[in-house]
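One structure is given below, encoded as structure tokens.
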Amino acid sequence: MAALLVFGACQSKKENPKDIADHVIIIGLDGWGTWSFKDGDTPFIKEKMKEGSWTLYKRTVRPSISGPNWAAMMNGTPVEVSGITGNEKEPTFKPLVQTEHKAQPTFFHLMRQERPDAETGVVCEWGDFQNYADTLCVSYKKKIDGPSEHPDAIVEESVKYIKDKKPVICFIHIDALDHMGHSYGKGSPEYMAELPKVDERIRKIVEGVKEAGIYDDTIFMITSDHGHEGTGHGGDTTNEIETPFVVWGKGIMKNHEITEPMIQYDMAATVAKVFHLKTPNSWRGVPMDVFE
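Here the working numbering is used: the first residue of the sequence shown is 189, the next is one more, and so on.
This is the structure in structure tokens:
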């Protein structure tokens with residue numbers, strides 16, 4: 189039987205009435221590893237890295253497997269707690285702690301509990317991403333056509349949603365790099381040629397946030413589920429488990445390299461700190477030292 193949901197003794201909204209920022213936009217690049225960040229043509233991301241904080245050595249909770257890594261970014265826990273060990277639609281075994289949705293609580297769940305009227309959304313290219321994003325707790329969810337059919341649909345949908353709703357939290361999942369990796373081999377000319385295209389899509393999303401009039405009150409995070417090695421998934425290798433994390437925006441330290449170790453589930457804690465959300469005792473993530 190799963191444990192009751194118990195929240196930790198973090199500071200409450202009454203004790204901390206002002207959030208660090210009013211909005212968080214997260215852009216997750218499926219199959220984007222540290223080595224391709226170093227070698228790839230992504231001028232916009234590298235420009236924003238200098239404007240904020242970053243690490244190139246965020247570690248995954250599972251090599252080569254998307255599901256538990258996306259889940260950990262949102263639910264603050266390793267797979268032993270969440271029960272999500274692969275790309276299954278439901279956890280392999282019961283989470284140690286469960287919400288009313290029978291899932292380990294994510295930052296979407298925490299936001300819904302503390303601010304039930306807050307607008308939150310998920311836009312994704314890989315449909316199974318919704319299994320890990322706790323979309324029963326979000327105001328808006330949209331799965332768009334994959335990158336092979338309409339590469340820029342993710343930009344159009346995300347920008348429209350951001351302009352219309354100005355979400356408090358929006359998680360945008362971009363699958364194009366992983367799609368190219370599986371089709372042609374990660375590190376192939378086709379894969380490397382996709383990097384600047386993804387970089388440009390990110391720039392357009394950021395421009396959409398500016399057009400929505402919320403840029404100055406927003407924190408942006410760009411990260412990945414896992415890296416890559418050769419064709420397909422490469423298993424237990426450094427290239428698979430090391431991924432970049434870049435964050436900039438309101439209240440974020442500039443030109444700052446994160447030197448402390450970072451694991452996927454630390455991202456959830458970092459998002460929770462922005463909004464002073466009360467995190468459950470089951471969470472293992474810690475906020476990164478990126479705030480001014």
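Backbone N, C-alpha and C fix where the C-beta goes; we use that ideal spot for every residue, glycine too.
Owing to the predicted nature of the structure, the values given are computational and were not obtained by experimental measurement.
| Asked | Found |
| --- | --- |
| Near K442, which residues of its chain fall below 7 Å by C-beta distance, leaving aside the five closest residues on each side in sequence? | E239, G240 |
| Would you call the CB atoms of A457 and G255 closer than 8 Å? | no |
| Go ahead and pull the three-state DSSP assignment for W258. | helix |
| Is the beta carbon of E235 within less than 7 Å of some heavy atom of the ligand HEM? | Within the structure as shown, the ligand HEM is missing, as the structure has no ligands at all. |
| Apart from the five residues just before and just after A460, which ones in its own chain have a Cβ nearer than 6 Å to its Cβ? | F295, T467 |
| From D207 to L284, what does the alpha carbon distance come to, in whole angstroms? | 30 Å |
| So I362 and R389 are supposed to be a Cβ contact under 8 Å. How far apart are they, rounded? | 7 Å |
| State yes or no: is the beta carbon of E388 nearer than 8 Å to at least one beta carbon in chain B? | As a matter of chain content, chain B is missing from the structure shown, which is built from one protein chain. |
| Quick one: grab the DSSP three-state call for H367. | helix |
| Excluding the five sequence neighbours on either side, which residues of its own chain have a C-beta within less than 8 Å of the C-beta of I440, listed in chain order? | G240, S241, I407, V478, F479, E480 |
| Among K385, Q452, M476, A400, whose alpha-carbon lies nearest the alpha-carbon of A259? | Q452 |
| Does DSSP put M189 in a helix, a strand or coil? | Here the model assigns M189 a pLDDT of 43, short of 50, so the residue's position is not dependable, and the following value carries that caveat. In this structure, M189 counts as coil in the three-state DSSP scheme. |
| What would DSSP say about W223, mapped onto helix, strand or coil? | helix |
| How about V397 and Y349: do their beta carbons lie closer than 8 Å? | no |
| Excluding the five sequence neighbours on either side, which residues of its own chain have a C-beta within less than 8 Å of the C-beta of E399, listed in chain order? | V347, K351 |
| Between the C-alpha atoms of T243 and F433, what's the straight-line distance to the nearest angstrom? | 5 Å |
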